[in-house]
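S.K.:
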Amino acid sequence: MENNVWGFKENNSDYKGDVINQERIERSVSPNFQKKIFEGKTILITGGTGSFGNAFIKHVLEHDCPKQIIVYSRDEMKQWFMNKEYGNKILKFVLGDVRDRKRLSLACKGVDYIVHTAAMKIVHTGEENPPETIKTNILGAMNIIEVALENNIEKVIAFSTDKACNPVNLYGATKLCSDKLFVAANSHSPTKRTSFAVARYGNVIGSRGSIIPFFLEKKREGVLPITDERMTRFWITLEDGVKFVVNSLRRMRGGEIFVPKIPSMRIVDLAKAIAPECEIKYIGIKPGEKLHESMIAADDARNVIEFEDYYIIQPQFDWWEKDYHVGGKSVSDTFQYVSNTNPKFLTIDDMVKLVGKHVRAYNEYVHGWKK
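Right under this line is the structure:
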């Protein structure tokens, strides 16, 4: 018996066969596994007034029937606008910060699932404000874990980013630390029923503060600044991101990092798709930026299993059973998932269609909320 970082007893020899673990397996592999994963459940989403939170809530309300959705965030104006827009009694708005453990614990009473999206995620802000980024992204993650364990919350899924893989900036480093915390949190006492997993993906098309609204704004000036013509990034739509997180919640046993198979794009092609008439100005790579992003490093390949439309990075702990996820196959020892070697790339025509579909995000970015 050993104490893990949160002070709970870990007994690897007994964990494999415990009742709670067996229930997790049966829930995930049963052919009768409920399609409506949130039916009758209470969900708390941190950072719930952001782009993902708004899309997630819309998806759940349209496709599921939860008991309650608790929107936990710091911005009272966004909560006010969101409450006014939805006007749904299922939604409960709680002002709070993931740094505030007592407030978070109070908000989590009676919660079944936590979707943890709250983060400081602007790269240059993290470089200039390391202590604040660490408080939110690392200490906030620890608060989520401790509160979830105390309240016997069933499942927690935490957001990650491609910047957490071989990080070169503080934001990525804090998210890597967060990923490690959530994976290791599954080493808790077998008397606890809480499972933790991570969903990692790349840039979200049209989210507030992303490159599309930035380029749309610069388009009016006639010049689009680009750091390097070789730069590539992973891309996922907001809708696909929501579906991926929901499916990851459904599939998780606890300890996985889920990575979707998504296309890459060249930043210079995106600029041509948005404003072909504009001049492109190369300004050089900024501090903390990468030329290409990774979602799975070569050193993780031995722990990766591949499915039709996603990968799972399996944890390296004694309590993890390699046959938890039936139907997956191992990847080669040299495998890595990097944006510039991705077999699927978006063309300029693809991006023209996607940008047209998501131009509304620009209005959200400029006006502060949906009109």
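4 is the number that this note's numbering gives to position 14 of the sequence shown; each next residue is one higher, with no gaps.
Note that CB positions come from ideal geometry on N, CA and C, so glycine has one too.
Keep in mind that this is a model prediction, so the values were computed, not measured.
In this structure, how does DSSP classify Trp225 when only helix, strand and coil are distinguished?
M.R.: The answer is strand: DSSP assigns Trp225 an E or B state.
S.K.: Assign Asn373 to one of two classes, buried (16 or more other C-beta atoms within 10 Å of its C-beta) or exposed (fewer than that).
M.R.: The question about residue 373 has no answer here: the residues shown for the chain are numbered -9 through 361.
S.K.: How should Arg155 be labelled, buried or exposed, when 16 other C-beta atoms within 10 angstroms of its C-beta is the threshold for buried?
M.R.: Here the sequence assigns Cys to residue 155, which means Arg is not the residue at that position. Result: buried.
S.K.: Using CA coordinates, which residue listed in Val158, Asn133, Lys153 is at the minimum distance from Val146?
M.R.: Out of Val158, Asn133, Lys153, Asn133 has the C-alpha closest to the C-alpha of Val146.
S.K.: What residue does the alpha helix (DSSP H) around Pro203 start on, and which one ends it?
M.R.: 201 to 209 is the span of the alpha helix (DSSP H), which, as asked, contains Pro203.
S.K.: CA-CA distance, Met221 and Lys280?
M.R.: Taking the straight line from one Cα to the other gives about 8 Å.
S.K.: Say whether the region 110 to 127 touches the region 60 to 75, bearing in mind that this needs 3 or more beta-carbon pairs closer than 8 Å, one atom from each stretch.
M.R.: These segments do not touch.
S.K.: Count the other CB atoms within 10 Å of the CB of Tyr272; is the residue buried (16 or more) or exposed (fewer)?
M.R.: When all chains shown are included, Tyr272 counts as exposed.
S.K.: Which value, in whole angstroms, describes the spacing of the CA atoms of Arg91 and Leu336?
M.R.: Between Arg91 and Leu336, the C-alpha separation is close to 42 Å.
S.K.: Would you call the region 50 to 69 and the region 26 to 35 touching, i.e. three or more CB-CB distances under 8 Å?
M.R.: Touching, per the Cβ criterion.
S.K.: Sort out for me which residues DSSP pairs Arg256 with in a bridge.
M.R.: In the DSSP output, where bridge partners are listed per residue, Arg256 has Thr222.
S.K.: Going by DSSP, what residue range makes up the beta strand (DSSP E) through Leu85?
M.R.: From DSSP, the beta strand (DSSP E) with Leu85 extends over 81 to 85.
S.K.: What residue does the beta strand (DSSP E) around Asn127 start on, and which one ends it?
M.R.: It is not in any beta strand (DSSP E) - Asn127 carries neither H nor E in the DSSP assignment.
S.K.: Should Glu261 and Ile270 be called a contact, given that it needs their Cβ atoms to be closer than 9 Å?
M.R.: A small fix is needed here, since residue 261 is Ala in this sequence, not Glu. Contact: yes.
S.K.: Counting pairs of beta carbons, one from the region 93 to 112 and one from the region 124 to 138, are three or more of them closer than 8 Å?
M.R.: Touching, yes, given that three or more Cβ pairs across the two stretches are closer than 8 Å.
S.K.: So Phe172 and Ala265 are supposed to be a Cβ contact under 8 Å. How far apart are they, rounded?
M.R.: In fact, because the Cβ distance is near 39 Å, the residues do not count as touching under 8 Å.
S.K.: In angstroms, rounded to a whole number, what distance separates the CA positions of Gly212 and Phe224?
M.R.: Distance between the alpha carbons of Gly212 and Phe224 is about 26 Å.
S.K.: Who are the Cβ neighbours of Lys208 in its own chain at under 6 Å, not counting the five residues just before and after it?
M.R.: Around Lys208: Leu214.
S.K.: Whose C-beta lies closer than 6 Å to the C-beta of Phe186 among residues of the same chain, with five residues either side of it excluded?
M.R.: Around Phe186: Val146, Phe172, Ala175, Asn176, Gly244.
S.K.: Between Phe149, Arg190, Asn127, which has its C-alpha nearest Tyr161's C-alpha?
M.R.: With distances taken between Cα atoms, Tyr161 lies closest to Asn127.
S.K.: Assign Met110 to one of three DSSP states: helix, strand, or coil.
M.R.: Coil at Met110, not helix or strand.
S.K.: Classify Met341 as buried or exposed, calling it buried when 16 or more other Cβ atoms lie within 10 Å of its own Cβ.
M.R.: Buried.
S.K.: Check this for me: beta carbons of Gly274 and Asp218, under 9 Å apart or not?
M.R.: Going by C-beta atoms, Gly274 is nearer than 9 Å to Asp218.
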